[in-house]
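Visitor: Sharing a structure here in structure tokens format.
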Amino acid sequence: MKKVYAVLLAILLLLSFSQAALAGGGGPPEGVKVGVFTSVNPDDNTAVFMQNGKSDATVLKLGETVKAGAIPVDQKVMISLDKAENGEETVKDVSRMFIGLKLEKILALLLIGLIGGLLSGFIGSGGAFVLTPSMMSLGVPGAVAVASNMCHKFPKAMVGAYKRFKYGQVDLKLGLVMAFSAIAGVQIGIKIQKIILNNWGNAGSNLYVSLVFVAVLVIVGGYVFHDARKLAKGGSEVTTSKLALALQKVQIPPMMNFKTAGVRLSAWVTLPVGLATGMLAATIAVGGFIGVPGMIYVVGASALVASATELVVAFIMGFWGSVQWGISGLIDIRMTLLILAGSLFGVQLGALGTTYVKDYVIKIVMGAVMLIVAVSRGAKVPVYLSDLGLMNVNSGMEHVLNSISFWALVAALATAGIIITGAMVKGMMQSRAEERHALQESVAKHG
Amino acid sequence: MAAYKKRKPYVKAIIFGIVSVFSYIYLFKNVGLVMEGFTRGGAYAALPVITAFYFSFVHAAFCSNVLEIMGLEAKRKKSVPVKG
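Protein chains in written order, with our numbering: chain C, 254 to 700; chain B, 11 to 94.
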């Protein structure tokens with residue numbers, strides 16, 4: 254039976270990879286090129302561009318928004334191209350790929366990495382939603398921020414998954430099934446995104462992403478938080494959700510046994526959860542926000558097992574994504590390693606923290622983070638509506654909304670950091686008191 | 011059970027710490043060369059991925075030992091996870 258699963262997973266893996274290679278995968282958007290400008294000619298508004306991996310230089314026309322004097326020569330840049338109706342390509346945007354790293358930026362990356370890692374080790378996902386915007390606010394181009402972040406995600410998740418596997422919390426088989434079905438889901442998500450981008454343009458796509466983000470986070474996060482609060486008050490017993498119990502009765506073969514999670518489920522139930530995770534990951538870039546609740550409420554795993562298993566999913570998807578972004582040459586390894594320096598501490602601390610807390614604490618952290626992140630994204634919706642001409646937002650208001658959006662993310666991370674640390678310290682003190690008590694009792698008994 | 015006290019992994023932490031610090035210094039000293047090679051794209055994608063793997067092994071081992079020295083370890087006896 255194990256052989257059958259191995260073959261099935263290998264086929265799924267190969268299919269996903271070949272499809273990803275054909276479709277361009279979860280990598281950077283089209284029209285983005287990486288290379289170096291060797292010279293600029295302000296007279297006819299053109300510049301000579303040497304693209305990565307190509308031996309011939311091309312002369313590119315600069316768009317209206319790009320000033321010839323502001324173009325960095327002989328430095329690695331990322332350019333966005335705009336195709337005119339006559340097929341001529343013009344440079345729409347030029348950004349220097351790799352920012353200078355000063356001490357305060359280095360410290361910021363170390364700290365964000367540490368708390369992001371703590372969250373990731375504890376709830377199985379997180380960090381990325383705050384790391385990418387934080388890096389962008391330090392002046393990193395969006396695509397480089399996503400790429401460098403992705404390259405830090407998979408080693409961090411690997412270490413977290415290893416630690417939690419040692420604590421007996423990881424259901425490896427569930428993780429593999431989820432990951433490979435999620436990779437297939439990513440392909441569907443990318444296709445949907447492309448359709449929306451073609452029909453409604455960039456502003457439409459941003460609005461769609463934000464609406465999905467806010468809707469999913471408010472509904473799922475609200476439910477997780479409500480469930481956790483009910484459990485925290487001690488009002489009810491920790492039970493498997495009614496939905497999961499009903500789905501466990503579905504006996505359509507092939508059936509899958511998940512030992513650590515303690516469930517036996519039809520593949521027809523498990524695979525859609527993975528697909529939905531992947532689709533969401535392609536859309537809002539945080540698949541864990543659906544993967545963990547999916548494993549808890551649909552599959553029927555405990556929050557402890559679900560959050561640990563999500564780390565396996567994050568490792569596989571992060572690795573696959575990093576290869577895609579690496580092929581485009583957009584990973585800034587300096588930033589990747591600086592975040593890793595903090596997050597490898599954080600992820601192990603978060604992982605060991607789960608052994609001291611009750612199951613519902615993981616749900617509280619997850620629900621709280623999801624709801625605060627929803628506020629962050631919700632604040633951006635009026636800006637996108639204004640881009641589409643559906644609402645009027647002036648530049649002052651836009652600035653305020655962007656600030657609210659950014660600081661809400663910081664608040665989400667800080668809240669998570671405080672709850673996790675508090676719960677961990679409390680759990681550790683309780684555990685030590687119990688150990689002391691047990692020792693005193695045994696000394697008293699044996700004289 | 012508490013009568014037995016585990017030895018703290020000072021030597022391991024120091025070795026992995028030194029290797030980790032030297033790796034970081036080496037990479038940042040040669041950052042120009044590294045960035046040039048790592049951002050070429052194509053098959054060069056293997057470079058950042060392998061580097062990330064390498065640092066995750068060395069630096070994670072250092073972190074793990076430091077946490078252990080600080081007395082931050084997983085609870086020894088974990089109750090069976092409850093469903094929910």
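Where a beta carbon is used, it is the ideal one built from N, C-alpha and C, also for glycine.
The structure presented is a predicted model; accordingly, all values stated were derived computationally and were not measured.
1) If you draw a straight line from the alpha carbon of Ile592 of chain C to that of Lys698 of chain C, how long is it in whole angstroms?
2) Can you give me the C-alpha to C-alpha distance between Thr385 of chain C and Val31 of chain B, rounded to a whole angstrom?
3) With burial defined as no fewer than 16 other Cβ atoms inside 10 Å of the residue's Cβ, what is the status of Gly487 of chain C: buried or exposed?
4) By how many angstroms is the C-alpha of Asn655 of chain C removed from the C-alpha of Gly649 of chain C?
5) Under the rule that 16 or more other beta-carbon atoms within 10 Å means buried, what is Lys616 of chain C, buried or exposed?
6) With 16 as the cutoff for other CB atoms within 10 Å, does Tyr18 of chain B come out buried or exposed?
7) Helix, strand or coil for Met509 of chain C per DSSP?
8) Please give me, in chain order, every unbroken run of the alpha helix (DSSP H) with length at least 4 that falls completely inside the segment 377-438 of chain C.
9) So if DSSP puts Ile25 of chain B in a beta bridge, which residue, or which two residues, is it bridged to?
10) State the Cα-Cα distance for the pair Ala300 of chain C and Ile352 of chain C, rounded to the nearest angstrom.
11) Since Ile443 of chain C contacts Met570 of chain C with CB under 8 Å, what's their CB separation in whole angstroms?
12) Of the choices C:Ile441, C:Gly369, C:Tyr420, C:Arg349, whose alpha-carbon is the least far from that of Ala396 of chain C?
13) So, using beta-carbon positions, are Val287 of chain C and Thr49 of chain B closer together than 8 Å?
14) Residues of chain B with CB closer than 7 Å to the CB of Ala594 of chain C, please, in chain order.
15) Tell me which residue opens and which closes the alpha helix (DSSP H) that Ala664 of chain C is part of.
16) Which residues in the same chain have their Cβ closer than 6 Å to the Cβ of Leu450 of chain C, if we skip the five residues on either side of it in sequence?
17) Just the C-alpha distance for Val412 of chain C and Gln601 of chain C, rounded to the nearest angstrom, thanks.
18) Within the segment 526-603 of chain C, note down every full alpha helix (DSSP H) run reaching 4 residues or more, in order along the chain.
19) Are the beta-carbon atoms belonging to Leu597 of chain C and Ala70 of chain B less than 8 Å from one another?
20) Looking at C-alpha atoms only, which residue of C:Asp640, C:Gly553, C:Met619 is the closest neighbour of Ile376 of chain C?
21) Are Leu533 of chain C and Val610 of chain C close, meaning C-beta to C-beta below 8 Å?
22) Do you know how far the Cα of Ile673 of chain C is from the Cα of Thr311 of chain C?
23) Give the interface partners of Pro19 of chain B over in chain C, defined as CB-CB distance under 7 Å, in chain order.
24) Identify, in the order they occur along the chain, each residue of the same chain with its Cβ nearer than 6 Å to the Cβ of Thr343 of chain C, setting aside the five sequence neighbours on each side.
25) I want to see whether chain B comes within less than 8 Å of Ser581 of chain C, judged by CB atoms only; does it?
26) Please confirm if Gly52 of chain B has its CB atom under 8 Å from at least one CB of chain C.
27) Under 8 Å, CB to CB, which of the residues in the segment 24-40 of chain B have a partner in chain C?
28) Check the C-beta distance from Leu354 of chain C over to Arg587 of chain C and give it rounded, since I have them as a contact under 8 Å.
29) If you draw a straight line from the C-alpha of Ala529 of chain C to the C-alpha of Ser33 of chain B, how long is it?
30) Taking any Cβ of chain B, which residues in the segment 516-532 of chain C have a Cβ under 8 Å from it, in chain order?
31) Counting only the same chain and skipping the five closest in sequence on each side, list residues whose C-beta sits under 7 Å from that of Gly631 of chain C.
32) Could you work out which residue in C:Val678, C:Gly680, C:Ala559, C:Asp585 is closest to Gly42 of chain B when comparing CA atoms only?
33) Rounded to the nearest angstrom, what separates Ile448 of chain C and Gly81 of chain B at their Cα positions?
34) Spell out whether any CB of chain B is found under 8 Å from the CB atom of Gln693 of chain C.
35) Can you find a C-beta in chain C that's less than 8 Å from the C-beta of Lys85 of chain B?
Guide: Once the coordinates are examined:
1) Cα to Cα, the separation comes out at about 51 Å.
2) Our two residues, Thr385 of chain C and Val31 of chain B, have alpha carbons roughly 26 Å apart in a direct line.
3) Sixteen is the threshold: since fewer than 16 other Cβ atoms of the shown chains lie within 10 Å of the Cβ of Gly487 of chain C, the residue is exposed.
4) In a straight line, the C-alpha of Gly649 of chain C is about 10 Å away from that of Asn655 of chain C.
5) Buried, since its Cβ has 16 or more Cβ neighbours within 10 Å.
6) The sequence shown places Lys at residue 18 of chain B, not Tyr. Looking at its Cβ environment, which holds fewer than 16 other Cβ atoms inside 10 Å, Lys18 of chain B is exposed.
7) DSSP places Met509 of chain C within a strand segment (E or B) once states are collapsed to three.
8) List check, alpha helix (DSSP H) in window: 381-390, 395-419.
9) Answer by DSSP bridge pairing: none, since Ile25 of chain B is not bridged.
10) Rounded to whole angstroms, Ala300 of chain C to Ile352 of chain C spans 22 Å at the Cα level.
11) About 13 Å separates the beta carbon of Ile443 of chain C from that of Met570 of chain C, a gap too long to meet the 8 Å contact definition.
12) Check the Cα spacing between Ala396 of chain C and each of C:Ile441, C:Gly369, C:Tyr420, C:Arg349: the tightest is with C:Arg349.
13) Yes, these two residues count as a Cβ contact at 8 Å.
14) Near Ala594 of chain C (Cβ distances below 7 Å), the residues of chain B are His69.
15) Element bounds for Ala664 of chain C: 648-699.
16) If we look at Leu450 of chain C and ignore the five residues flanking it on each side, its Cβ neighbours are Ser458.
17) Rounded to the nearest whole angstrom, the C-alpha separation of Val412 of chain C and Gln601 of chain C is 7 Å.
18) Every unbroken stretch of the alpha helix (DSSP H) spanning 4 or more residues and falling wholly within the segment 526-603 of chain C is given here in chain order: 541-546, 556-580.
19) Result yes, Cβ atoms of Leu597 of chain C and Ala70 of chain B sit closer than 8 Å.
20) It is C:Met619.
21) Contact check for Leu533 of chain C against Val610 of chain C fails: the beta carbons are separated by 8 Å or more.
22) Their Cα atoms are separated by approximately 53 Å.
23) Neighbours of Pro19 of chain B on chain C: none; closest Cβ ~14 Å, over 7 Å.
24) Lys314, Gly316, Asp335.
25) At least one chain B Cβ lies under 8 Å of Ser581 of chain C.
26) Yes, its Cβ sits closer than 8 Å to a Cβ of chain C.
27) Residues of the segment 24-40 of chain B whose Cβ lies closer than 8 Å to any Cβ of chain C, in chain order: Tyr34, Leu37, Phe38.
28) The Cβ separation is near 6 Å, so the contact holds.
29) Cα to Cα, Ala529 of chain C sits roughly 40 Å from Ser33 of chain B.
30) So nothing in the stretch comes that close.
31) The residues Val467, in chain order, have a CB closer than 7 Å to that of Gly631 of chain C in the same chain once the five nearest residues on each side in sequence are set aside.
32) Nearest to Gly42 of chain B by alpha-carbon distance, out of C:Val678, C:Gly680, C:Ala559, C:Asp585, is C:Asp585.
33) Ile448 of chain C and Gly81 of chain B: Cα-Cα distance of roughly 53 Å.
34) Not flagged as an interface residue toward chain B: Gln693 of chain C, since no C-beta distance is shorter than 8 Å.
35) Nearest CB-CB separation between Lys85 of chain B and chain C: below the 8 Å threshold.
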